[in-house]
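Asker:
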Amino acid sequence: MSTTVPETLSYTQEHEWITEPSDGVVTVGITAYAADALGDIVYVSLPQEGASVEAGEPCGEAESTKSVSDIYAPVTGEVVAVNSALEEDPAVINSDPYGEGWLFRVRTGDDLGGLLDAQAYSKLIEEAS
1 MSTTVPETLS YTQEHEWITE PSDGVVTVGI TAYAADALGD IVYVSLPQEG
51 ASVEAGEPCG EAESTKSVSD IYAPVTGEVV AVNSALEEDP AVINSDPYGE
101 GWLFRVRTGD DLGGLLDAQA YSKLIEEAS
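Quick note on numbering: UniProt numbering labels position 74 of the sequence shown as 74, and the sequence is numbered without any gaps.
In structure tokens:
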């Protein structure tokens, strides 16, 4: 299985992606690999705006026709935006995981240590396949 892994993003071992911070805010989503593994996503539960999230802790769920999976916060911080379009059409995560399928945005003061670059994440999913 060949899955595109954008070079400009960072990744977690739990298959979330994260953008470079812009004014201290990062965008979070799940990778194409995770979306493919889940199958057709039919429901997503995301943290509320204003909520605090803790790096490595579950902060939401993605439910598919196959299973329910936790969504983990890749960084610690405050949720400043949630992709409300996913309430109406969670399948966007499957069709555009790195674009319109983003999940939420977090204001973080953290250094973003512990994340994988595209090469390391590609190796992780290769080994898992």
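Where a beta carbon is used, it is the ideal one built from N, C-alpha and C, also for glycine.
If you follow the alpha helix (DSSP H) that ASP36 is in, where does it begin and where does it stop?
Answerer: As a working note, residue 36 is residue 36 in the sequence shown. From DSSP, the alpha helix (DSSP H) with ASP36 extends over 32–38.
Asker: Could you have a look at VAL92 and say whether DSSP puts it in helix, strand or coil?
Answerer: As a working mapping, residue 92 is identified with position 92 in the sequence shown. VAL92: helix per DSSP, three-state reduction.
Asker: Could you tell me how far apart the beta carbons of PRO97 and THR31 are, in whole angstroms, since I believe they sit closer than 8 Å?
Answerer: What you label residue 97 is simply residue 97 of the sequence shown in a count that begins at 1. What you label residue 31 is simply residue 31 of the sequence shown in a count that begins at 1. With 8 Å as the limit, PRO97 and THR31 qualify as a contact, their Cβ atoms being about 6 Å apart.
Asker: Could you tell me the distance, in whole angstroms, from the CA atom of TYR121 to the CA atom of GLU88?
Answerer: Locating residue 121 in the sequence shown gives position 121, where the first residue counts as 1. Locating residue 88 in the sequence shown gives position 88, where the first residue counts as 1. Spanning the two alpha carbons is a distance of roughly 30 Å.
Asker: Could you pull out every residue in the same chain whose Cβ sits closer than 6 Å to the Cβ of GLY39, ignoring the five residues on either side in sequence?
Answerer: Residue numbering aside, residue 39 sits at position 39 when the sequence shown is read from its first letter. For GLY39, where only same-chain residues beyond five positions count, the Cβ hits under 6 Å are SER64, THR65 and LYS66.
Asker: Go through its chain and collect everything with a Cβ distance to LEU116's Cβ below 6 Å, but skip five positions before and after it.
Answerer: Along the sequence shown, read from residue 1 onward, the residue named residue 116 stands at position 116. So the list reads TYR11, once near-sequence residues are dropped.
Asker: With a 10 Å radius around its C-beta and 16 neighbouring C-beta atoms as the bar for buried, classify TYR72 as buried or exposed.
Answerer: For this step, residue 72 is matched to residue 72 along the sequence shown. Classification of TYR72: buried, given that the 10 Å Cβ count is 16 or more.
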